[in-house]
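Written below as structure tokens is the structure these notes are about.
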Amino acid sequence: MRTVRLTTAQALVRWLIAQRTELLDGSQAPLFPGVFAIFGHGNVLGIGNALEEHRDEIPVWRGQNEQGMALAAIGYAKATHRRQVMVATSSIGPGALNMVTAAGVAHANRLPVLLLPGDTFASRAPDPVLQQVEHFGDGTLTVNDAFRAVSRYFDRITKPEQLLAALPQAARVLTDPADCGPVTLALPQDVQGEAFDFPESLFAPVVHHITRPRPDSRAIERAAGLLKNAKHPLLVVGGGVRYSGAGGKVLEFAQTHGVPITETTAGRTLVPHDHRLHAGPLGVTGSSSANTLAAKADVVIAVGTRLQDFTTASWTVFHPEAKIISINAARFDAVKHGSLAVVADAAEGLRELNRALGDWKAGDPWTVSASHERGKWDAHIDGLRQAKDGLPTYAQVVGAVNDNAHPQDYVMTASGGLPGELIGGWRALGAATMDVEYGFSCMGYELAGAWGAAMARAETHPDGVVTTLLGDGSYLMMNSELFSAAFAGHPLVAVVCDNDGFAVIARLQQGQGGAAYNNMFADCRSGVDSTKRRVDFTAHAAALGCGVIQADTLDEVGPAYTAAREQARQERRPVVVLVRTHPSSWTEAGAWWEVGVPETAHRTEITEAHREAREARTRQLRYLAN
Numbered sequence: 001m002r003t004v005r006l007t008t009a010q011a012l013v014r015w016l017i018a019q020r021t022e023l024l025d026g027s028q029a030p031l032f033p034g035v036f037a038i039f040g041h042g043n044v045l046g047i048g049n050a051l052e053e054h055r056d057e058i059p060v061w062r063g064q065n066e067q068g069m070a071l072a073a074i075g076y077a078k079a080t081h082r083r084q085v086m087v088a089t090s091s092i093g094p095g096a097l098n099m100v101t102a103a104g105v106a107h108a109n110r111l112p113v114l115l116l117p118g119d120t121f122a123s124r125a126p127d128p129v130l131q132q133v134e135h136f137g138d139g140t141l142t143v144n145d146a147f148r149a150v151s152r153y154f155d156r157i158t159k160p161e162q163l164l165a166a167l168p169q170a171a172r173v174l175t176d177p178a179d180c181g182p183v184t185l186a187l188p189q190d191v192q193g194e195a196f197d198f199p200e201s202l203f204a205p206v207v208h209h210i211t212r213p214r215p216d217s218r219a220i221e222r223a224a225g226l227l228k229n230a231k232h233p234l235l236v237v238g239g240g241v242r243y244s245g246a247g248g249k250v251l252e253f254a255q256t257h258g259v260p261i262t263e264t265t266a267g268r269t270l271v272p273h274d275h276r277l278h279a280g281p282l283g284v285t286g287s288s289s290a291n292t293l294a295a296k297a298d299v300v301i302a303v304g305t306r307l308q309d310f311t312t313a314s315w316t317v318f319h320p321e322a323k324i325i326s327i328n329a330a331r332f333d334a335v336k337h338g339s340l341a342v343v344a345d346a347a348e349g350l351r352e353l354n355r356a357l358g359d360w361k362a363g364d365p366w367t368v369s370a371s372h373e374r375g376k377w378d379a380h381i382d383g384l385r386q387a388k389d390g391l392p393t394y395a396q397v398v399g400a401v402n403d404n405a406h407p408q409d410y411v412m413t414a415s416g417g418l419p420g421e422l423i424g425g426w427r428a429l430g431a432a433t434m435d436v437e438y439g440f441s442c443m444g445y446e447l448a449g450a451w452g453a454a455m456a457r458a459e460t461h462p463d464g465v466v467t468t469l470l471g472d473g474s475y476l477m478m479n480s481e482l483f484s485a486a487f488a489g490h491p492l493v494a495v496v497c498d499n500d501g502f503a504v505i506a507r508l509q510q511g512q513g514g515a516a517y518n519n520m521f522a523d524c525r526s527g528v529d530s531t532k533r534r535v536d537f538t539a540h541a542a543a544l545g546c547g548v549i550q551a552d553t554l555d556e557v558g559p560a561y562t563a564a565r566e567q568a569r570q571e572r573r574p575v576v577v578l579v580r581t582h583p584s585s586w587t588e589a590g591a592w593w594e595v596g597v598p599e600t601a602h603r604t605e606i607t608e609a610h611r612e613a614r615e616a617r618t619r620q621l622r623y624l625a626n
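In structure tokens:
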């Protein structure tokens, strides 16, 4: 066997470069198209030197915050439909721990990212080193053990040759449709520089083909039997459909059998908005149209979704006697709530089910109810978008952006009130053109993730622009990657809606009987007149290298966005559109969400809210045996 002597870090970088992936269109690309890096004493001499040796083969992008870098990597993964994986490396200690939150985002959303945090010395000779946390009862623990809870695969490389076993497992998880998620390889700084005679075959080019598991024929037979007896079947389309590239299969299945279609958060924009079978998005942040159909459906075909609480209105959105068929690549998700599990790739599962159903078709009155109900929801959204006196509302801002966006554009948000506005109110212009991070709802993803998405779509969608919408709270939570995007030359538009605080949490607080407290600036403890101290977002965004346009009225939002979109493309940098927005106007889908309301409280409004929640819990579906 031919070998080559390399350090752990050199071998790792050479392996990264050798990995290829098959994209949805059948073409090939690097599995690891780049690395986000902040160097410190725990990685600069190991992985840092190894990356510099191959600087022309794998690009390295410098971020400003380790969490932001890893969030950008997640945004990149979503924009490439989980077909490409960015790497994020950090030093030991605080740099590593900064990435833990991002690992949680990737884990909750089933998105691949490779995290390479530096670690303390495997030899322990210089212990305790700078940034080392010592555990009195366990000498093997380091801060990187915090990644275990939010990694699909975790390993600590304490000898160079361990890469031979670890790297195939890392690639397996990153490219597996069922197990996909974050991989963490902790790299002690001394081990990064230790050498070993690695077999040259480790660095031979490999193309990773994403598997498409086919369903068990008995599961398909049972599912077809359920559907053939259904009067009101309903399709629920999730993110697994997107990652499978099965959007066309969904439409074919629905049209063949006359089944209305609803979308989850991760499945948004997979169905053309005006499609006659499109009933709208489902759940708390969805639409009354989809929720109305869900309440009547007797058989629900959930494809590629884990049926999260916002999608199911905490499991109150479905008819009490509904049967659920779950087509999912992950058995973990397919068996939830007593569903009839069809463990399969979304495209393969739908194809087999389509064949088993033959010429069966739902009744016409049910089929046409999709467009009928969605028409009523569209009219409601049109009303919310109409100009009114006062500050622009979120719905109006989203409408103005929607009206001026292009089919190749890509829209994003993550937290606060804007997910409800985009999920419920956005009208799809192109397929798979939305990323709402609502699995972890991580404040700050809006800007960092947009950087990654802009990077991913730069070549594939040259005429499109990534647009992210966020509130002032998310902007203040994490904004440093605006400079990273500006410095790197990646254009995007950030529409910042300033409503003077954490307005959506204030809405939840007061909606459940609580007093206004510690959310809006006016309700926070302050040593000064709180109306006189505000962030100058215009100056701040400009200081980070962004273009800035302010829109003071609703009439100005559309033109401001159009100008920002063009400026971002021409100047190759982020452009921030600032809008002062109304603090308490929201799009409501009329669905319930379970939250922890206190049983006893000093306010009668809270105890009344608890009583209402207790009553609502009686409508929850606990287990739907099929």
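Residue numbers (UniProt numbering): 1 to 626.
Each residue gets a CB set at the ideal place from its N, CA and C atoms; glycine is no exception.
Rounded straight-line distance, which links the Cα of residue j to that of residue i
i           : j           : result
residue 294 : residue 344 : 24 Å
residue 81  : residue 243 : 5 Å
residue 212 : residue 348 : 7 Å
residue 604 : residue 611 : 11 Å
residue 365 : residue 358 : 20 Å
residue 509 : residue 496 : 23 Å
residue 227 : residue 586 : 37 Å
residue 209 : residue 171 : 11 Å
residue 132 : residue 117 : 13 Å
residue 68  : residue 58  : 20 Å
residue 514 : residue 216 : 51 Å
residue 430 : residue 493 : 18 Å
residue 335 : residue 526 : 50 Å
residue 444 : residue 206 : 35 Å
residue 154 : residue 72  : 21 Å
residue 124 : residue 453 : 40 Å
residue 191 : residue 158 : 6 Å
residue 354 : residue 377 : 30 Å
residue 601 : residue 303 : 42 Å
residue 144 : residue 94  : 10 Å
residue 189 : residue 41  : 8 Å
residue 104 : residue 150 : 5 Å
residue 33  : residue 88  : 12 Å
residue 544 : residue 62  : 15 Å
residue 31  : residue 308 : 29 Å
Exposure label - residue i; buried when at least 16 CB within 10 Å
i           : result
residue 630 : Nothing about residue 630 can be reported from this structure: the residues present for the chain run from 1 to 626 only.
residue 136 : exposed
residue 483 : buried
residue 79  : buried
residue 438 : buried
residue 628 : Look at the range of the chain in this structure, 1 to 626, and you will see that residue 628 is not part of it.
residue 180 : buried
residue 459 : exposed
residue 56  : exposed
residue 628 : Here the chain covers residues 1 to 626 and nothing more, so residue 628 does not appear.
Bridge partners - residue i, DSSP secondary structure assignment
i           : result
residue 37  : 62 and 89
residue 550 : 578
residue 6   : 196
residue 326 : 302 and 341
residue 156 : 186
residue 30  : 20
residue 520 : 501
residue 117 : 90
residue 281 : 263
residue 638 : Because the chain spans 1 through 626 in this model, residue 638 falls outside it and cannot be assessed.
residue 215 : Paired residues: none, contrary to the question.
residue 208 : 21
Supposed close pair residue i, residue j - CB separation, criterion 8 Å
i           : j           : result
residue 375 : residue 231 : Contact doesn't hold; Cβ gap of about 22 Å is too wide.
residue 372 : residue 463 : About 35 Å separates the two Cβ atoms, so there is no contact after all.
residue 234 : residue 264 : In fact, because the Cβ distance is near 12 Å, the residues do not count as touching under 8 Å.
residue 486 : residue 524 : At roughly 31 Å, the Cβ-Cβ gap does not stay under 8 Å, so residue 486 and residue 524 are not in contact.
Cβ-based neighbour list, residue i, same chain, cut-off 6 Å, excluding 5 preceding and 5 following
i           : result
residue 499 : 581 and 583
residue 142 : 119 and 120
residue 39  : 48
Cutoff 7 Å; reference residue i; Cβ partners in own chain excluding five residues on either side
i           : result
residue 194 : 7, 8 and 160
residue 18  : 203, 204, 205 and 206
residue 148 : 154
is_contact[residue i, chain B] using C-beta, thresh 8 Å
i           : result
residue 169 : The structure shown contains no chain B; it holds only a single protein chain.
Contacts around residue i, its chain only, beta-carbon distance under 8 Å, and the 5 residues preceding and following it disregarded
i           : result
residue 540 : 479
residue 291 : 282, 283, 313, 317, 589, 590 and 591
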